[in-house]
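Novice:
Number of protein chains: 2
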Amino acid sequence: MAACRELRKEHAKEFFESFDTVLFDCDGVIWDANDEIPGAKDTLRKIKEMGKRIIFITNNSTKSRTQYAKKFTELGFESVPKERIFCTSFAAAHYLKEKLKFQGKVYLIGEAGLEEELTEYGISYTGPGPDPVTGIQKEWLHIPLDPEVRAVVVSYDVHISYVKIFRAASYLSDPSVAFVGTEMDGRKHYPGTHVVKPGTGCIINAVKTAALREPLILGKPESYLFECIQQSIKEVDQSRTLMVGDNLHTDIPFGRNCGLKTLLVLTGISTLEEARHFQASNSIHDQKKVPNFYLPSIKELGELIDKVQ
Amino acid sequence: MAACRELRKEHAKEFFESFDTVLFDCDGVIWDANDEIPGAKDTLRKIKEMGKRIIFITNNSTKSRTQYAKKFTELGFESVPKERIFCTSFAAAHYLKEKLKFQGKVYLIGEAGLEEELTEYGISYTGPGPDPVTGIQKEWLHIPLDPEVRAVVVSYDVHISYVKIFRAASYLSDPSVAFVGTEMDGRKHYPGTHVVKPGTGCIINAVKTAALREPLILGKPESYLFECIQQSIKEVDQSRTLMVGDNLHTDIPFGRNCGLKTLLVLTGISTLEEARHFQASNSIHDQKKVPNFYLPSIKELGELIDKVQ
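Residue numbers (this note's numbering), protein chains in the order written: chain A, 1 to 309; chain B, 310 to 618.
See below:
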C-alpha cells in the first residue's frame, strides 16, 4: 500500500538513490499551457546533473515529438531530444506500425500532432479538419466512406462533429477495422478559470457509444507508453524509475501499473484531499491512485536535491 | 422470469383479455423512417376496434408531439391526438415545468422538436443550430456563457460540436444547474444499410465525460415517460398495459421497470437471438431484457386479433 507521504529532507537521500530514470508528466507539472511552473527548469537541470535520465511522458496528442522538442526550447528549457519525449500522438503511430504492422489507411479524428507522427511513420490517413453536417438526413446514407480505411484513431479534435462520429462508427462496423484511442482524459487542464475544456475522453466515449466497441487506449493510466519507452531506451529498469505527475487518475495509476515509484505534485489537476480520499478507500482501484510521495510542486523537488548534496 | 414465447393462437384470447392499454414504440414497430411497417395501420385499427386505448411512446426527441401527430396523418395512419403521443422532447419540457418548477433559461443541445416543446411550455432556451469552433485556443476562455442558464438539456443534435460540449460542461460546473438527457440510445435505427447513425447516447456521453456529472435520463428504459402517461391519462393501470417494442435495451426493460406486459417485434433493432441470449443469462440486468412474448412483426398481431374474434 502506498503511503502518500510528504517528501521531506529525512527521506530525501534514500529517495534520490532509489531511481536512475525520472518520467515527468508535462501539463500541470513542468508547465501550465505556455508558462513554466516555477522552479521546473532549475529542478530538471539539477536532476540531470545528478546523472539521472529524464524522460517526458504526456497524454497530450495535439503535438508531435518534434513539436514538443520545439516547445521546450521556446519556453527556455534546456533542449530535449525528441527521443526523450513520449506523447500519445507518437504512441498511436508506434502502435500501428510496430504492434499491428499496419497496412492501409487510418480514419483519424485528431489534430496536427497526430498527422505529423503518422506521416513520419509513413501511414496514410484521412479525416482531419472541419467536417460539418450538410444537406438533409436522407443524403447521409451517401456520405462517402473510404474502402482503404483499416483503422480508426480517435484523439483530441476541436472539429469533432456528428459526421465524424458517423464516419468513425460506420468504419468500425467492420470488426476487422482496428479501433485505437489516445487517452481518456475527460477534461483538458485549463488553470485559473471556471470554464471546462473537454478532453479526448469525451470524443472517444461518443464514438464508442455509436460503434458498440471498446477502443485500445494508449495513454496513461494504460501502460503502453512505458512499453514504448522500454523498447526505445533499452536500459530503463522499472524498479529504478520514478513517475512524477499531477493527476491521480492517470499519472499515479500508470506508475503503479508499470511498477514505478510515484510522486504527486499539487500544481495541476489533483489535490491532496483527493489522494487522502483514495488512501482511505478499501477499493483496489482507488488504492492504485495513491502515490508514494507528494510535494507542493516541482520546485520543492529541486530544493531537496540541494539538501542531500 | 419472462418466457419470451412466440405469441400464438392458443395464447391469444387470454393475451388480448389481459390489457386495456397498449403502448407502441414507433421506429422499427409501426414505421421505418417514413415507411409504414407492413400491417401497422390495419393492426392499430383492429386494436382500437377492440376498445383498447392506444398510446405512442418514443425515445425520439427530434419531433414535438404536434409534429408526430402530423406525421401519422401524412403517412396515412388514422389521426392520433397529440395527447396520445409521448416523446422525449415532450418529456424534457414536462420534467422541467412539472417536476422542477423550472425558472430560468435552458442551454439546449437539441433540435426542432425540443425547441417546440420548450416553447409550448414557456421555457426560454439558447443553443440550437451550428456552433463551430472559431479562432484560437486562448480565445475560448472568452466564449460568452449566459448567466441566466439554470439547466442543460442534451438530446439528439446533428450540429453537436466541441464548442457545444464546452459550453454544456462549463454551465454544469455549477452543481445547482440541472442536467437532463433525453435518452441514451447509442444508434439511430437506420434500416437496410451498413452505415451507423450515432444516437443521442453518444452526445450525452461526451457531455457527461467533461462535466463529471450524471444526467437525469427521461427516455426508455427509465420510467419517466410512463410517469408522464399516468399523470396525463389518469385511468392507465400498469397491470393492464402492454408495451410493444423492437428494442431489448430500451422498450422491454422499460416495460419491466413499469410493471407492464411486454411484446417484442422483430422489425427493428433487436433479434430473437439476442432475446434468447438474455434469457439464458443469470444476470438480473439481462433478465429485464427478456419479453413475455415475441412476434415477427405488428402484422401478425393484427392477424391474431382476427383469430380470436
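Just so it is clear, CB atoms sit at the ideal spot from N, CA and C, and this is done for glycine as well. Fair warning: this is a prediction, and the values are worked out from it, not measured in the lab.
Please decide whether B:G508 counts as near chain A, where near means a Cβ-Cβ distance under 9 Å.
Specialist: True, the Cβ-Cβ gap to chain A drops below 9 Å.
Novice: State the start and end residues of the unbroken beta strand (DSSP E) segment that holds A:R65.
Specialist: That residue, A:R65, is in no beta strand (DSSP E); its alpha helix (DSSP H) goes 65-74.
Novice: Going by alpha carbons, who is nearest to A:V158 out of B:I394, B:A421, B:A515?
Specialist: Checking every option, the nearest Cα to that of A:V158 belongs to B:A515.
Novice: Under 7 Å between beta-carbons, which chain B residues line up against A:R187? List them in chain order, please.
Specialist: The answer, in chain order, is A519.
Novice: Round the Cβ separation of A:Y224 and A:A91 to the nearest angstrom and send it over; I've been treating them as touching at under 8 Å.
Specialist: Confirmed, Cβ separation roughly 6 Å.
Novice: At the level of alpha carbons, what is the spacing between A:P215 and B:R362?
Specialist: The straight-line gap from Cα to Cα measures roughly 46 Å.
Novice: For A:E183 versus A:N59, is the C-beta spacing smaller than 9 Å?
Specialist: Taking 9 Å as the Cβ cut-off, A:E183 and A:N59 qualify as a contacting pair.
Novice: I need the straight-line Cα distance from A:D20 to A:Y95, nearest angstrom please.
Specialist: If you take the alpha carbons of A:D20 and A:Y95, they lie about 26 Å apart.
Novice: With distances taken from CA atoms, which of A:E17, A:I165, A:Y171 is nearest A:L242?
Specialist: Taking only the C-alpha atoms, the option nearest A:L242 is A:E17.
Novice: Could you confirm whether any beta carbon from chain B is found closer than 9 Å to the beta carbon of A:L141?
Specialist: Chain B contact via Cβ: present.
Novice: Under three-state DSSP, which class holds A:D276?
Specialist: Going by the sequence as given, residue 276 of chain A is Arg instead of Asp. It is helical.
Novice: Please name the residue or residues paired with A:F56 in a DSSP beta bridge.
Specialist: According to DSSP, which records beta bridges pairwise, A:F56 is partnered with A:F24, A:I85.
Novice: Could you spell out the range, first to last residue, of the beta strand (DSSP E) harbouring B:I418?
Specialist: Where B:I418 is concerned, the enclosing beta strand (DSSP E) stretches over 414-418.
Novice: So which residues of chain A does B:I474 contact, with C-beta pairs closer than 7 Å?
Specialist: Neighbours of B:I474 on chain A, chain order: P198, C202.
Novice: Could you check whether B:Q547 and B:G528 sit closer than 9 Å to each other, using their CB atoms as the reference points?
Specialist: Not closer than 9 Å, so no.
Novice: Buried or exposed, going by whether 16 or more other CB atoms sit within 10 Å of the CB of B:S485?
Specialist: Exposed.
Novice: Within its chain, find whatever has a CB closer than 6 Å to the CB of B:V442; leave out the 5 residues flanking it on each side and keep chain order.
Specialist: Same-chain partners within the cutoff: Y471, V472.
Novice: Specify the secondary structure class of B:A400 as computed by DSSP and reduced to three states.
Specialist: Three-state DSSP puts B:A400 in a helix.
Novice: Can you name the residues that DSSP bridges to A:W31?
Specialist: Partner(s): A:D27, A:E36.
Novice: Check whether the Cβ of B:V467 lies closer than 9 Å to any Cβ atom in chain A.
Specialist: So yes, B:V467 belongs to the interface.
Novice: In whole angstroms, what separates the C-alpha of A:V149 from that of A:Y107?
Specialist: Roughly 6 Å separates the two Cα atoms.
Novice: Less than 9 Å between the C-beta atoms of A:L304 and A:K9, yes or no?
Specialist: Result yes, Cβ atoms of A:L304 and A:K9 sit closer than 9 Å.
Novice: Would you kindly work out how many angstroms separate the C-alpha atoms of A:N282 and A:P253, rounded to a whole number?
Specialist: Rounded to whole angstroms, A:N282 to A:P253 spans 16 Å at the Cα level.
Novice: So within the stretch 243-306 of chain A, which uninterrupted alpha helix (DSSP H) runs reach at least 4 residues, ignoring any that extend past its ends?
Specialist: List check, alpha helix (DSSP H) in window: 251-257, 272-280, 284-287.
Novice: Taking Cβ-Cβ distances shorter than 8 Å, what residues in chain C pair up with A:Y162?
Specialist: Looking at the structure shown, chain C is missing, and the protein chains on hand are A and B.
Novice: Is any beta-carbon of chain A found at less than 9 Å from that of B:H503?
Specialist: So, interface residue.
Novice: Inspect the beta-carbon positions of B:D482 and B:I418 and report whether they are closer than 9 Å.
Specialist: The sequence shown places Ser at residue 482 of chain B, rather than the Asp named in the question. Against a cut-off of 9 Å, the Cβ pair of B:I418 and B:S482 comes out as no contact.
Novice: Could you tell me whether any Cβ in chain B is nearer than 9 Å to the Cβ of A:N60?
Specialist: Chain B contact via Cβ: absent.
Novice: By Cβ distance, which residues of its chain are closer than 6 Å to A:H11, with the 5 residues on each side in sequence left out?
Specialist: There are no such residues.
Novice: With a threshold of 8 Å on Cβ separation, who are the neighbours of A:L7 within its own chain once the five nearest residues in sequence on each side are excluded?
Specialist: Only F15, L263, F293, Y294, L295, E300, L301, L304 meet the Cβ criterion.
Novice: Cα separation between B:P530 and A:L248?
Specialist: Taking the straight line joining both Cα atoms gives about 34 Å.
Novice: So, for B:Q588: in the same chain, excluding its five sequence neighbours on each side, which residues have a beta-carbon less than 7 Å away from its beta-carbon?
Specialist: Taken in chain order, the residues that qualify are C313, V599.
Novice: Using a cut-off of 9 Å between C-beta atoms, extract the partners of A:P253 located in chain B.
Specialist: Those within 9 Å of A:P253 in chain B number zero; the least Cβ separation is about 17 Å.
Novice: Please return the same chain residues whose Cβ sits closer than 8 Å to the Cβ of B:K357, not counting the five positions on each side in sequence.
Specialist: Taken in chain order, the residues that qualify are I363, E387.
Novice: CB-CB under 8 Å to B:L575, same chain, minus the five flanking residues each way: which ones, in chain order?
Specialist: Same-chain partners within the cutoff: D555, L581, Y603, L604, P605, S606.
Novice: Locate the beta strand (DSSP E) running through B:S433, then write down its first and last residues.
Specialist: Segment 433-435, the beta strand (DSSP E) holding B:S433.
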